[in-house]
Amino acid sequence: MGNPEGRFHFAIDRGGTFTDVFAQCPGGHVRVLKLLSEDPANYVDAPTEGIRRILEQEGGVLLPRDRPLDTSRIASIRMGTTVATNALLERRGERVALLVTRGFRDLLHLGTQAREDLFDLAVPMPEVLYEEVLEVDERVVLYRGEPGTGTPVKGCTGDLLEVQQPVDLGGLRGKLEGLLSRGIRSLAVVLMHSYTWAQHEQQVGALARELGFTHVSLSSEAMPMVRIVPRGHTACADAYLTPTIQRYVQGFRRGFQGQLKDVQVLFMRSDGGLAPMDSFSGSRAVLSGPAGGVVGYSATTYRVEGGQPVIGFDMGGTSTDVSRYAGEFEHVFEASTAGVTLQAPQLDINTVAAGGGSRLFFRSGLFVVGPESAGAHPGPACYRKGGPVTVTDANLVLGRLLPASFPCIFGPGEDQPLSPEASRKALEAVAVEVNSFLTNGPCPASPLSLEEVAMGFVRVANEAMCRPIRALTQARGHDPSAHVLACFGGAGGQHACAIARALGMDTVHIHRHSGLLSALGLALADVVHEAQEPCSLPYVPETFVQLDQRLSRLEEQCVDALRAQGFPRSQISTESFLHLRYQGTDCALMVSAHQHPATARSPRAGDFGAAFVERYMREFGFIIPERPVVVDDVRVRGTGRSGLRLEDATKAQTGPPRVDKMTQCYFEGGYQETPVYLLGELGYGHKLQGPCLVIDSNSTILVEPGCQAEVTETGDIRISVGAEAPSTVGAQLDPIQLSIFSHRFMSIAEQMGRILQRTAISTNIKERLDFSCALFGPDGGLVSNAPHIPVHLGAMQETVQFQIQHLGADLHPGDVLLSNHPSAGGSHLPDLTVITPVFWPGQTRPVFYVASRGHHADIGGITPGSMPPHSTTLQQEGAVFLSFKLVQGGVFQEEAVTEALRAPGKIPGCSGTRNLHDNLSDLRAQVAANQKGIQLVGELIGQYSLDVVQAYMGHIQANAELAVRDMLRAFGTSRQARGLPLEVSAEDHMDDGSPIRLRVQINLSQGSAVFDFSGTGPEVFGNLNAPRAITLSALIYCLRCLVGRDIPLNQGCLAPVRVVIPRGSILDPSPEAAVVGGNVLTSQRVVDVILGAFGACAASQGCMNNVTLGNDHMGYYETVAGGAGAGPGWHGRSGVHSHMTNTRITDPEILESRYPVILRRFELRLGSGGRGRFRGGDGVVRELLFREEALLSVLTERRAFQPYGLRGGEPGARGLNLLIRKDGRTVNLGGKTSVSVYPGDVFCLHTPGGGGYGDPEDPAPPPGSPPQPLAFPERGSVYEYRRAQEAV
């Protein structure tokens, strides 16, 4: 994008609210412009209007808006756009039909079967993008050489496949013609195993194009990667969005003479590379806008800061984007946007719902920022359109924004300035709530001024934005304090100093065009062409020649494509990647060998093995040298260097900087005189002491007290962040500090989890993320817990408190405890809890505790996996630890714990642990995670003092208690108002007839309740017994659901509640009772009973549908979704996990490639949800055909008693487990059994539906759902990690 020919080069970022235009004009000077993205009264298209204005200003000739622009002076146009993202968010794409292999019509609805929000009983889920589904009669399976199979075909991965059923094109033709007649012109074609053998998809695509479909997206072309669910979503997104993008591009072209025929027009893709206008597709476009900003700071800040790693901080109106650059772009290859999981290279941009427009709330004693947003309309209160109070309003009240520096575009007529009065008035309403709580709450305190309230919200917003930055860096083994903070976006300059200071960073870099950095990034970006194909070769010397050949072929494709766009070979570079993983794991890393040149024992393209081992060690802290490495994909990224080279010179200073005006800004401690400087008047070398404001037309930069800003040689602002003036925080409750401590305590648990996941070795912990980490007070009471796995909530507290009582004074520095016994607060035996007491100088007893609970894949017992369906005693379920010193005096007791893990082998019919190596590795990882927690709390104590930290542990528990008391009072008041008693009850049954009975007595004045399970059935002979800790976890889960909003999940939740559980019952069995079914089945019935007593919703499927399959050389375990219960105002969600589980299911293609089964059907069980005014969700049908002899075990419920309906709603259908033998016999297996299966047998699982709500004869609710409050959807690797954690 150089400028030798004296023509214009435009780079345009069309955002949701504003469009930024960056133009390099003839002669090399730069013009920038910002205008509204939507202004239909004045122009049709914002980018075209921006180009028109600059051409008009530079040429001095009037250019009418109604005439196409002359392109003779335009050399290039580069654009980033949110058109695709907005179409996805607002569901305004093309009408699409999905064509999918028969048996999988609901596959994309089912997805991973995990729900998005653990605690929302309505289970809101994004709707699918397609309008209709056609099942295609065809089937390809992986070839296993069974007798009677035909000649195999070879896939592009090298795998052999068997075509069981050729595609029936004749039958499909009529169905496709029917779609055309209904006006559908865009198709997504998604067939099983097409990533490696695409012929069936290609045949279907050719037929569809022949019939006249205008867009056909084949999943094998959209993204040829294994895993049909994300590949299917990607193909659907492509079919849904690409026509929308093409329409936008055509409209844009019409604004120019010759439709831009002789102008190079490039669009930014999600991966940070530019692509020609004609090849810009929907699935590669969703991060088109934000990607420009990452390219912008990578090409500017990273270079001028001498290669120091950079955190990008892009704070806009509705959200903040956080990213990282350290010499190469960090990509992810699967991520969700607006509920759609896309398999495509994307920059790892993490979006959090905290922006200038994030709303401010005071709830149960906590300052809360977001996730709801005021949006562009009505916007913050200061926009004069009746909007709510937001972060922007808080900054305005504090004097950190100056209305005079904003254009007069606010108010109904869009002709007024920002209104500080509106901000103050809106914030005063919140301040009244805050001060009412302070003066009348549990710890009376002095009221806060309006400025103190505003400052509190800003500090809480800052802490909310620090959490993802910590997670993003520490997840990959980096220290946040070693980074420079590159700040851009309209709102970021007001928060940059505070964010950097909180993270220990000493430098903030703000580019002189920071308000338009995404547009600048487009100007600096390169054109990229990528080629990728799947692979299944081992990474061994014997395959290196094949890998080199494949990489060479892909490199040739990239070079040819870039040459066709006019790049000479000298401007083209390529980089080769292999997607590698250790065999038997799912943790694949896309590695480049550019820093690892080829050796005699590597492919010619480079030493990918060394690159993989180095990165694996950095990210996970260990390697597995004896484990083979597998290549999942080969990829080449070709780059055509074309970016603009900016003139770096800026004017030198001429004397001291001129103060434009003085203003009053509020900081900790009160108002301070604050000079205001204009960025355009500052020169190289100028130094500005904080506090001060630096203003230009697009942003306001706040330099805080103790910081110093200087103007760099390139005209940018570099801020040296000084240490914060020490502030004294007392032990007395301060709601602002409480909100900050709430984030800090959760961040400690989250960072412990990151260490555990990084250093663990087993699939269960590293990839399924089946673990929890937690922080406890000196009494063992839970303070914070992450992630929120429902069956772990509150249960670890019982474990810690048991150890405190059991060991008494026998707890010493250097001790680490191990426990899993149900009577010691355990859930089931595979969940091993590691507890570390923390001592502090001058204290004789532990001052707090940290603990981590991880699900170990095997700890012995009568069956592999330690989840036997027929166990009758605890010993049959594996190794037992009541109170075991795993580390004593700082020494890991490997010999003793090995002996204990092997001990079950001494019991007849049982085995010791079958995977000792993984057990020991994971236990060490749990000890390391606890150590991280100790370090982080130590830092907190160092900052605030032991007394203050312990006081706030108590305050945060009291806050959760307050929220639950408020909910119980509201429930009791509602019943009282309707003349109903303050006692409610419910009863349900396990399939063996065991009753679960509950009576709840509400005390209205105290906001408390007694939950009395008296009358519940006795302990059972099987394994459905649930330890007391399970019932408490179920109760905390239900209380959180009933509160209906985010609250700290800790000991305080149970403080207003007294729980009565009869000893010896199924909910508090004897110490030797078998419990594995109680954890996964009885827990669900306890939830059904509690929610039924409160009338919150009808019963969900009430089962986890546990299915285990194994033989001598393989083992597989899954839990399967069902129907969710309907409730007041919503239909139950179909095909989703509910309540105490949220496990993701194995993708069908992965299942068939790793295990000897064929998945014949996985679809909704239509009609299984209970009828009602609001229908219950449907269960699913799942059919597995076995290809080898194996042992099938099922552990299920709701096969006898149906999930209840509520308020006249009908119950959901019972589940059913059928085995269809190869000879045609069908056998009902019942709810719990183990049975041998043989090749050709089929297991058919019908999961229960959810209950209906309300009389089915009542009029149905109007179509559509009530409008949801505006909340910006999160995205990025940090969000994906949390989703995965909560999907256990």
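So the number in our numbering is just where the residue sits in the sequence shown, counting from 1, plus 46.
Quick reminder that beta carbons are idealized off the backbone N, C-alpha and C, glycines included.
Taken atom to atom, the span from the alpha-carbon of A475 to that of G425 is near 18 angstroms. For A870 and V530, the gap between their C-alpha atoms comes out near 47 angstroms.
Beta-bridge analysis with DSSP links C533 to F359.
As computed with DSSP, G686 is found in a beta bridge with V573 and I618. With 16 or more other Cβ atoms from the protein chains shown falling within 10 Å of its own Cβ, E750 counts as buried. Judged by DSSP in its simplified three-state form, G1000 adopts helix. Counting other Cβ atoms within 10 Å of its Cβ, N1188 reaches 16 or more and is therefore classed as buried. DSSP, read as helix, strand or coil, puts Y717 in strand. The continuous alpha helix (DSSP H) containing R547 extends over residues A542 to A548. One thing to note: L878 has its Cβ no nearer than 7 angstroms to the Cβ of H852. Within the segment 254-300, the complete beta strand (DSSP E) segments at least 3 residues long are 261-264, listed from N- to C-terminus. According to DSSP, residue pairing for K80 in a beta bridge involves D66. The beta carbon of R1260 sits closer than 8 angstroms to the beta carbons of R1244, R1245, A1246, F1247, Q1248 and P1294 from its chain, once the five residues preceding and following it are set aside; these are given in chain order. Counted as a single uninterrupted DSSP element, the beta strand (DSSP E) harbouring C1290 occupies residues V1288 to H1292. Remark: C-beta atoms of G1215 and G1223 approach each other more closely than 7 angstroms. Nearest neighbour of V926 by Cα position, chosen from S917, P914 and P950, turns out to be P950. Here the C-alpha atom of V129 lies approximately 16 angstroms from the C-alpha atom of P86.
G1053 has its alpha-carbon roughly 11 angstroms from the corresponding atom of Q1047.
Around the beta carbon of D861, a 10 Å sphere encloses 16 or more other beta carbons of the protein chains shown; the residue is thus reported as buried. Per DSSP, the beta-bridge partners of D679 are P580 and H625.
DSSP, read as helix, strand or coil, puts H916 in coil. One alpha carbon belongs to Q843, the other to K978, and they sit about 19 angstroms apart.
By a beta-carbon distance limit of 8 angstroms, G1296 does not contact G1270. Their separation comes to about 33 angstroms. N1274 counts as exposed, since fewer than 16 other C-beta atoms from the protein chains shown sit within 10 angstroms of its C-beta.
Three or more beta-carbon pairs separated by less than 8 angstroms link the segment 121-137 to the segment 54-72, which places the two stretches in contact.
Scanning Q595, S957 and L992 for the CA closest to the CA of S912 turns up S957. Between V767 and R547, the C-beta spacing is below 7 angstroms. Residue state for K1268 is assigned as coil, using DSSP reduced to three classes. Collapsing the DSSP output to three states places Y189 in coil. Ranked by Cα distance from D116, the first of P1064, S1060, R299 and A565 is R299.
Residue pairing by DSSP puts T147 in a beta bridge opposite V182. Under the three-pair Cβ rule at 8 angstroms, the segment 397-408 counts as touching the segment 461-479. By the beta-carbon neighbour count (other beta carbons within 10 angstroms, threshold 16), I357 is buried. Secondary structure note for V1182: it is in no beta strand (DSSP E), with a DSSP letter that is neither H nor E. In this structure, P526 lies away from R513, with their beta-carbon atoms at least 7 angstroms apart. In this structure the segment 291-305 does not touch the segment 340-352; the number of beta carbon pairs closer than 8 angstroms is below three.
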